[in-house]
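Since the structure comes first, as structure tokens, the remarks are kept for the end.
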Amino acid sequence: MDVFSARKVIKEALLHTYGTVYEYDVCFVLKYCFGLSSCWAASTDIGDIWVQKVARDIRQGIPIQYICGIEEFKGKPFLVFPGVFIPREETEDLVDIAIDAVPRGSRILEIGVGTGVISISLLMSRRDIMAMGVDINPLAVINTFTNARRFEVDSRLQLYHADVFSLIEMPMSFDFVLSNPPYLPDSDRLTIDELVSKEPESALYGGFTGVEFIHKVIDILIKTGFHGGLLFEFDDTTQHYLRSHEKMSVSRVKYYKDRFGKERFALVWL
Ligand code: GLN
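Start counting the sequence shown at 58; every next residue gets the next number (the numbering used here).
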């Protein structure tokens, strides 16, 4: 099948599932599912069976990042394994804040690494830091490890497959904590977008109001005598719950907006 016919098939499939088609998504599929260097590589021939398979997966509501196995983050193609949380573009802003906020020579801990985009991007920009990453999802640990190798930062990233609440209690040293934690309220399970429902629940739901997970992280960090910064992502609709924790109501907390103008990140010094 030539590229023009493949474009048409993919466009129709995207339209069927999403109701609208973005040129970016069509190009994304052509580039990452079919390996085209350009979106208009007219002379390339793509196998019919392969195009039909991708179109069928799109029609079944499988996110294109799972179908192609890639998501771009800060302009770099990260591998995304099915069953691992797909990075969102606003999280790039969290990395930018971290690049400025993490003190020189720090050893950071990232809670819930997913595909590894946060730690790996930070390690690529900041050669002076080391990182430890933990995820309860074994697939996420393997996914992050693979990306760390891909971007050649694996020698500065130590990974653990563990429940962070048991891990933090172990004697280990870190002086800055980063996380895009699960932060959606449990009740969102009932109304969640079909596409998002394909992603692991452990990366999405943070408890009854959504903030319980991060409150628990703060409690356990304090209990273990941690002193340092904690930078994390949250949902602005749950901000009043977030502030109900004594450490979050103090003047040391700095809130940041994301690129869409929503309060999305908090930096607190514990
Ligand atoms: N931002 C994600 C979403 O909208 C939620 C991610 C999370 O809980 N960390 O689906």
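Each residue gets a CB set at the ideal place from its N, CA and C atoms; glycine is no exception.
Just measuring C-alpha positions, the residue of Leu151, Phe85 and Asn237 sitting nearest Ile115 is Phe85. Rounded to whole angstroms, the separation of the alpha carbons of Leu235 and Tyr262 is 18 Å.
Short note on Tyr123: C-beta not closer than 6 Å to any heavy atom of the ligand GLN.
Going by DSSP, Ala188 is part of the beta strand (DSSP E) stretching over Met187 to Asp192. Between Gly190 and Ser176, the C-beta spacing is below 7 Å. Within the DSSP secondary-structure output, Ala219 pairs in no beta bridge. When the five nearest sequence neighbours on each side are left out, no beta carbon in the same chain lies closer than 6 Å to the beta carbon of Gly132.
At least one heavy atom of the ligand GLN falls within 6 Å of the beta-carbon of Asn237. Our two residues, Leu151 and Asn204, have alpha carbons roughly 19 Å apart in a direct line. In this structure, Arg246 has its beta carbon at no less than 6 Å from each heavy atom of the ligand GLN.
DSSP lists no bridge partner for Leu299. Taking 7 Å as the cut-off, the Cβ atoms of Asn200 and Val141 count as close.
Here Pro242 has Thr266 and Gly267 as same chain residues with Cβ atoms under 6 Å from its own Cβ, once five neighbours each way along the sequence are excluded. Remark: the shortest separation between the CB of Val253 and any heavy atom of the ligand GLN falls under 6 Å. Secondary structure note for Tyr81: its alpha helix (DSSP H) is the uninterrupted segment Glu80 to Tyr89. A distance below 8 Å between beta-carbons, with the five flanking residues on each side excluded, links Ile154 to the following residues of its chain, in chain order: Leu288, Tyr313, Phe322 and Leu324. Contact annotation: Asn237 and Glu290 have beta-carbon atoms nearer than 7 Å. According to DSSP, residue pairing for Glu258 in a beta bridge does not occur. The beta carbon of Ile156 sits closer than 7 Å to those of Leu179, Ser182 and Arg183, all from its chain and outside the five residues before and after it, given in chain order. Under DSSP, Lys314 forms a beta bridge with Glu320. Bounds of the alpha helix (DSSP H) holding Pro195 are Pro195 to Arg207. At a Cβ-Cβ threshold of 7 Å, Arg164 and Met187 count as neighbours.
Here the C-alpha atom of Ile277 lies approximately 48 Å from the C-alpha atom of Ser94.
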